[in-house]
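Q: Chains as they are written, first to last, in my numbering: chain A, 392 to 734; chain B, 53 to 558. All C-beta atoms, glycine included, are put in the ideal place defined by N, C-alpha and C. These numbers come from a predicted model, not from an experiment. For reference, the structure I am asking about is given below.
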């Protein structure tokens, strides 16, 4: 039988165990993981202030950081849903390029001269259409998401090149430029769009049946199917949502660069995926948060800004980003295996 | 039966403790296994059996505890160390690699090779010899394991253990995936192993099996050894149940309530067929009636439920509810019409283990808790809590992760899901698989209550006793054919087996 111990020693052991268990459980929970990200972000801000001083902390610079973060940020919100549902979408950067090209075609711009929001409608429609194609191929064609969206990545870029004749199409619709380049209450429109998309994403994920289905499909696809959820149809919706965010991001990028081109959004999908994963969403699906994704995006963009402010080598920056991804995933795995173990 | 004292102790374990994140999984386990015996470890779900197995096989490191192997103090530092001592483990979740051949699986980790090159024909030859010893000479060593049935995969797992020089095999619920016929073969193999001096640690819920194959029993409850080295033959069943549960349980089926002759027909299945699996199955279920389906694994019993439910697409025939035909192959339609399925594999097919209980309870009906797609989680929680209380699931905390619950409580969550949904036809596939003795009686009485309240129920189980104990009428199935439809009172277990054997032979 077990070695006899004094009652007090046992009680102490139990209580210290309990405290560490509470801490572990908290750090393992969604809010706890986000606290870790907030701490990481605060450390980065301190590093930024220490190395670049006012150049880093002034309002204009902060707005620049968020503005630059906003395009991949919007993609990352859509990507969060895809990854929580147990999928992946490699095509969003490429679909962004295609959407920007279609929305800035001479014919579209001519039609939009009287009604500039038409460009936005076109961009979003192209994004959603590409997403629906992805979703149908994945859900009904039973092609793994990685391959289906890789194919779309390649093909969308090709379509964009044909449509644009490999040229950069300049935006000359004044209403569109005024809208996308404008600001409200001193905050750039692009940042507002990112905030709105993030807020809508949070509500959609946490408060609606759509979000519940997404988590169920990613948490246990077969259980969701046998519970009566139409898993295939929902899969199409999720990729359509990712396509929609690619369309929104296309509007933002076309506004920021005042152009549409087939090379817009190149490799953005990887930045979005990295932010989602660093933000605590499990790549195997079933668990993730919008707040985490936003923090993940901010961490990467603050890091980039610190490097720029200090005139540091972009190669070193790339290495640092790589290290952050590995560290974040290592930390996640440690917590992911705790708490869920039984017997 | 062997005389334990004369053979000497092979493995002696004392005072094992193990804590996971403040949860005491083991709290003083003692175990003593003699060479050549079948030592059964008995305990409810959550008692700590799996943790003990993983410690013995080197997967987990214990916090405390002494280990003696053939009289010498040892530590089991890892899976390789356990195999080095001569301890092999057959896990409940079969740990075979589907993409490799039988022979490759058998020699996984200790491949036969010379100078880095695999000796394929040598491996196949030796694999065949081991398979023959296990009574399965018909399995070709070069066959891919993915194409095998669970029973045959288990044979491969056992062959892997035998391919090493082992003295002790741990079998974790080996009969869970087997039918009575296959269990008989398993017992034959176990007897052959013990007669050559190998000890078997046998984990099972099923007392009848332990009676048949075991020599001695160790009972574990709440991570502690309650009794060790009990003689199988002389320890009465009530005593074992009392040790396991800490209370007296009458493991009987609640008395059947006769279905009134006026009860309406709810579910009607006509000439249902799924090509290659079963043909022309017809039956109907009235309000408050329980229909049981008995048959071997592979007889198509689970697939009948899945075809009714739309989880697999029927190739012909019809299914109707209250006279209204159901579309083939659509689960949402079936659920919408009022049919619910509790699948065979609760963990992989039924529940989202990481998610809280209430989300698992409302998984089929959460849309009803939403207004304009916005969920009202408070009402989901309170509805779930009320249902959990009605099913006596304690604690009725809707926010606990469902993966932390015992098998019996997980089954209650599945029942709660369909009760909340308001299902009128309940299809239960293996309702007590992985459910311990104490909770079984509760599940049985819940099923009775549901049928008494008017739910039409179809039960499939590999335990014929369970089908007979629960059902009003029984369909006996073999190789996809319905051999007979009989009133449960008119047939007994040997009678069903007799039918099944004859049907399979024909």
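Quick one: is residue 508(A) buried, meaning 16 or more other Cβ sit within 10 Å of its Cβ, or exposed?
A: Here residue 508(A) is exposed, its C-beta having fewer than 16 other C-beta atoms within 10 Å.
Q: Leaving aside the five residues before and after residue 534(B) along the sequence, list all residues of the same chain whose C-beta is less than 6 Å from its C-beta, in chain order.
A: 333 and 527
Q: To the nearest angstrom, how far is it from the Cα of residue 169(B) to the Cα of residue 111(B)?
A: 30 Å
Q: How big is the Cα-Cα spacing for residue 489(A) and residue 466(A)?
A: 14 Å
Q: Between 682(A), 614(A) and 597(A), which has its C-alpha nearest residue 392(B)'s C-alpha?
A: 614(A)
Q: If we ignore side chains and look at the alpha-carbon of each, how far apart do residue 544(B) and residue 178(B) end up?
A: For residue 544(B) and residue 178(B), the distance between alpha carbons rounds to 43 Å.
Q: Please work out which residues of its chain come closer than 7 Å, Cβ to Cβ, to residue 574(A), disregarding the five sequence neighbours upstream and downstream, and give them in chain order.
A: 580
Q: Assign residue 630(A) to buried or exposed, taking buried as 16 or more other Cβ atoms, counted over all protein chains shown, within 10 Å of its Cβ.
A: buried
Q: For a contact meaning CB atoms closer than 7 Å, what does residue 746(A) contact in chain B?
A: Missing from the structure shown is residue 746(A); chain A here goes from 392 to 734 and no further.
Q: Would the region 376-392 of chain B and the region 426-438 of chain B be scored as touching if the rule is three or more Cβ pairs under 8 Å?
A: no
Q: Name the chain A residues whose beta carbon is nearer than 9 Å to that of residue 400(B)?
A: 611, 613 and 614
Q: Pick out whichever of 314(B), 245(B), 423(B) and 141(B) has its Cα sitting closest to the Cα of residue 186(B).
A: Across the set 314(B), 245(B), 423(B) and 141(B), the C-alpha of 245(B) shows the shortest separation from the C-alpha of residue 186(B).
Q: Can you give me the C-alpha to C-alpha distance between residue 460(A) and residue 585(A), rounded to a whole angstrom?
A: 9 Å
Q: Taking just the CA atoms, how far does residue 273(B) sit from residue 96(B)?
A: 7 Å
Q: Note down the Cα distance separating residue 356(B) from residue 465(B), rounded to an integer number of angstroms.
A: 23 Å
Q: Please state if the CB of residue 651(A) and the CB of residue 491(A) are separated by a distance shorter than 8 Å.
A: Going by beta carbons, residue 491(A) and residue 651(A) fall inside the 8 Å limit.
Q: Please report the distance separating the alpha-carbon of residue 488(B) from that of residue 399(B).
A: Cα to Cα, residue 488(B) sits roughly 16 Å from residue 399(B).
Q: Compare the Cα-Cα distances from residue 632(A) to each of 536(A), 595(A), 620(A) and 519(A) and report the closest residue.
A: 519(A)
Q: Run down chain B in chain order and give the residues with a C-beta less than 8 Å from the C-beta of residue 617(A).
A: 361, 363, 383, 393, 395, 401 and 402
Q: Output needed for residue 612(A): all residues of its chain with C-beta closer than 8 Å, excluding positions within five of it in sequence on either side, in chain order.
A: 477 and 622
Q: Beta carbon of residue 615(A): closer than 7 Å to some heavy atom of the ligand ADP?
A: As far as ligands go, the structure on display features none, and thus does not contain the ligand ADP.
Q: Return the CA-CA distance between residue 428(B) and residue 462(B), expressed in angstroms with no decimal places.
A: 24 Å
Q: Within 10 angstroms of the Cβ of residue 732(A), are there 16 or more other Cβ atoms? Answer buried if so, exposed if not.
A: Note that residue 732(A) scores a pLDDT of 36, beneath 50, so its modelled location is shaky; the value from the coordinates is reported in the next line. Under this definition residue 732(A) is an exposed residue.
Q: Closest Cβ-Cβ distance between residue 119(B) and chain A: below 8 Å?
A: no
Q: How would you call residue 190(B), buried or exposed, if buried means at least 16 neighbouring beta carbons within 10 angstroms?
A: So residue 190(B) counts as exposed.
Q: Mark residue 114(B) as exposed unless 16 or more other C-beta atoms lie within 10 angstroms of its C-beta, in which case mark it buried.
A: buried
Q: What in chain B is Cβ-close to residue 599(A), meaning under 8 Å?
A: 422, 425, 426 and 427
Q: In chain A, which residues lie less than 9 Å from residue 504(B) when you measure between Cβ atoms?
A: The premise fails here: residue 504(B) is roughly 26 Å from chain A at the closest Cβ pair, so nothing lies under 9 Å.
Q: With a CB to CB cut of under 6 Å and the five nearest residues on each side skipped, what residues in its chain are close to residue 503(A)?
A: Here the set comprises 509, 510 and 564.
Q: Using beta-carbon positions only, say whether residue 559(A) and residue 472(A) come within less than 8 Å of one another.
A: no
Q: For a cutoff of 8 Å on Cβ pairs, would you count residue 228(B) as touching chain A?
A: no
Q: Can the beta-carbon of residue 588(A) be found closer than 8 Å to that of residue 468(A)?
A: Going by beta carbons, residue 588(A) and residue 468(A) fall inside the 8 Å limit.
Q: Spell out a yes or no on whether the region 192-208 of chain B and the region 140-154 of chain B are touching, meaning 3 or more CB-CB pairs, one atom from each, closer than 8 Å.
A: yes
Q: Does residue 725(A) have its Cβ less than 8 Å from a Cβ in chain B?
A: no
Q: Residue 330(B) touches chain A at which residues, Cβ-Cβ below 8 Å?
A: None at all; the shortest Cβ gap to chain A is about 19 Å.
Q: Can you tell which of 275(B), 408(B) and 417(B) has the C-alpha that lies nearest to the C-alpha of residue 297(B)?
A: 275(B)
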